[in-house]
Amino acid sequence: MKLHAVVTVGLVTALSLAACGGSDGDQQSNSSLSPAPTRTCTSVPGVSDTSIQLGVVFPKTGAAASTFANFDAAAQLRINEINALDGINGRTVVLNIYDDRNDATTQLNVAKQAMKDGVFGIIAASQQQSMYPTLKQANVPITGVPNLPPYASDLNAFGVTGAYSTGYTSTAAAQRFRKIKATSIATVSLKSPGALIAAQGFVATLPSQALKPALPIQTVTSSSSSTLTIAQAIVKAKADGVNVIAPVAVGQALAKSLKSLGSANIPVMVSGLIDPATVVDARGVLDGAIGVPYGFVPLQLNTPEVKRYVAGMAAAGANPYSSFAPLGYIAADLMIAGLSAAGQCPTRDDFIRIERGVTDYTAGNMLPGKISFAPGVTPDGDPAKCSWFITVRGDSLLPDTGPTCGQLLKTQ
1 MKLHAVVTVG
11 LVTALSLAAC
21 GGSDGDQQSN
31 SSLSPAPTRT
41 CTSVPGVSDT
51 SIQLGVVFPK
61 TGAAASTFAN
71 FDAAAQLRIN
81 EINALDGING
91 RTVVLNIYDD
101 RNDATTQLNV
111 AKQAMKDGVF
121 GIIAASQQQS
131 MYPTLKQANV
141 PITGVPNLPP
151 YASDLNAFGV
161 TGAYSTGYTS
171 TAAAQRFRKI
181 KATSIATVSL
191 KSPGALIAAQ
201 GFVATLPSQA
211 LKPALPIQTV
221 TSSSSSTLTI
231 AQAIVKAKAD
241 GVNVIAPVAV
251 GQALAKSLKS
261 LGSANIPVMV
271 SGLIDPATVV
281 DARGVLDGAI
291 GVPYGFVPLQ
301 LNTPEVKRYV
311 AGMAAAGANP
321 YSSFAPLGYI
331 AADLMIAGLS
341 AAGQCPTRDD
351 FIRIERGVTD
361 YTAGNMLPGK
371 ISFAPGVTPD
381 GDPAKCSWFI
391 TVRGDSLLPD
401 TGPTCGQLLK
411 TQ
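Just so we're aligned, residue 1 is where the sequence shown starts under UniProt numbering, counting upward by one.
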């Protein structure tokens, strides 16, 4: 699992107000409130006088299905919101689901099927990247989770939380440890290429905040790996902070192991820890832990945008706290924003050209900082700089008073 993927996105020229309560995409859709004008547009895949066809490619089934659970439901929620406001420039948006099963061959096949079906663009989340060369060649716009290299190189691919990190890491996590006066940090990583790259990048940022690594990066092979030996090494090294770049279950198991060794006071930062049910089920083991959403704002914020998302998912019978679900909502918002900005006769070329000029996308305040899609440290823009952390107190998840925004450091 490439759990290091944190993601942020970009704002296009505001044209209208849609359902996401002031989201950037919404601001670009105001013209959709008027009757659709007579159009004489050139033929574009997925676009008719009355509708726009989109696809979502993700692991609906298979080994990674739980990781990306409800990504499609969240994307559909955002589509439903814009359709309730007369669609995009008077066109109804239709979302077609393509299950890649997190398998490279299947992904390429379903992407080809989506193109055959005539979709305009793809909303994506997966650990596979076999479809990206084909979609790049056809200039198909993609908005998705930037945990793959094409989100740093392919101009048609827009990472909703920023570009894929190619040797650059934000100092935000290190700054958060410095804030709690930690000095010696242990890092625990899933033994996968993506997670290890993220872990190495984090360790490289520690000196910028006058912090040091307590011991070499510790690795686990799966969510069910034993953490007792690692906990013993952390205690022996006298670490006063731990960053877990692995599934939430690993963070929970490590916190339990530390507690069994009498070291429950060592703060544990856990990527993806956002679900209140997880905290309740942990029965106090996670008390004091620091949660890190995957690139979006805490879902405990009392803001109209967050409340609308949480309520909408609950009404649809889907868990709003599924780790990557909010990114499905944001990816759909970004697709809506680009289509709205492209006007009455949207083309793929116009979508990509306009979005590549966006430097301040916030997904209607669903992201902790502004995302730029203009060329930066990568051709696709900059990786995310900001994270909005959460602290567990008892059975509650308490958001920080604001996001922590770091600097991008060259770490590889």
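No residue lacks a Cβ here, since even glycine has one placed at the ideal position from N, Cα and C.
If distances are taken between C-alpha atoms only, which option among the options comes closest to residue i?
i	options	result
Gln137	Ala342, Pro150, Thr227	Pro150
Ser48	Asn89, Asp99, Gln76, Pro59	Asn89
Asn265	Gln344, Ala182, Gly343, Ser208	Ala182
residue 437	Ile82, Thr205, Pro399	What the structure shows of the chain is the stretch from 1 to 412, and residue 437 is not part of that stretch, so it cannot be assessed.
Gly394	Val285, Val140, Ile142	Val285
Gln209	Gly87, Ser396, Ile180	Ile180
Gly295	Gln76, Gly328, Asp103, Ser263	Gly328
Gln407	Thr391, Asp382, Val392	Asp382
Lys60	Ala74, Ala318, Ile97, Ser130	Ile97
Val188	Ala172, Gly241, Gly159	Gly241
Lys259	Gly288, Leu148, Tyr309, Ala186	Gly288
Asn243	Leu211, Lys256, Ala186, Ser263	Ala186
Val280	Val392, Gln232, Met115	Val392
Does the beta-carbon of residue i have 16 or more other beta-carbons within 10 angstroms, so that it is buried, or is it exposed?
i	result
Cys386	buried
Gly402	exposed
Asn302	exposed
Asp360	exposed
Ala314	exposed
Thr50	exposed
Pro304	exposed
Thr411	buried
Ser126	buried
Ser222	exposed
Hey, would you say residue i sits closer than 7 Å to residue j, going by beta carbons?
i	j	result
Phe324	Phe68	yes
Ile336	Met366	no
Val248	Val270	yes
Phe389	Arg176	yes
Gln128	Gln113	no
Thr227	Leu254	yes
Ala239	Ala199	no
Ala342	Phe351	yes
Gly162	Ile354	no
Ala195	Ile230	no
Thr169	Thr378	no
Thr54	Leu95	A small correction: the amino acid at residue 54 is Leu; Thr does not occupy that position in the sequence shown. Yes, the Cβ-Cβ distance between Leu54 and Leu95 is below 7 Å.
Val57	Ala124	yes
Asn80	Thr92	no
Asn156	Pro141	yes
Val310	Pro298	no
Ala152	Ser130	no
Ala73	Ala318	yes
Using the Cα positions of residue i and residue j, report the straight-line distance between them to the nearest angstrom.
i	j	result
Ile52	Pro133	23 Å
Gly201	Ala316	38 Å
Val235	Pro216	13 Å
Gly357	Asp380	10 Å
Arg101	Ile274	25 Å
Ser23	Leu261	Low confidence applies here, because Ser23 scores a pLDDT of 41, under 50, leaving its location unreliable; read the following figure in that light. Distance between the alpha carbons of Ser23 and Leu261: 47 Å.
Cys41	Gln344	8 Å
Ala282	Gln252	7 Å
Leu206	Gly62	37 Å
Asp349	Pro45	12 Å
Asp117	Gly369	36 Å
Gln300	Ser322	14 Å
Gly144	Ser184	35 Å
Ser396	Ser43	52 Å
Pro375	Gly121	21 Å
Ser224	Ala64	15 Å
Lys307	Ala173	26 Å
Val119	Ser66	26 Å
Val160	Leu211	30 Å
Gln232	Leu190	18 Å
Strictly by DSSP, which residues pair up with residue i?
i	result
Ile122	Gly55, Ile142
Thr207	Before going further, note that residue 207 is Pro rather than Thr in the sequence given. Note: Pro207 sits in no beta bridge, so no partner.
Tyr168	Lys410
Phe158	Thr143
Lys212	Ser184
Val47	Val44, Ile52
Leu190	Val220
Arg91	Ile88
Arg393	Ser396
Ser271	Val292
Thr227	According to DSSP, Thr227 bridges with nothing at all.
Asn243	Thr187, Met269
Asn96	Gly55
residue 415	No answer is possible for residue 415: it lies beyond the span of the chain, which begins at 1 and ends at 412.
Ser340	Answer by DSSP bridge pairing: none, since Ser340 is not bridged.
Ser387	Thr404
Report yes if the C-beta of residue i is less than 6 Å from at least one heavy atom of the ligand FMN; otherwise report no.
i	result
Thr166	Of the ligands one can find in the structure shown there are none, so the ligand FMN has no counterpart to examine.
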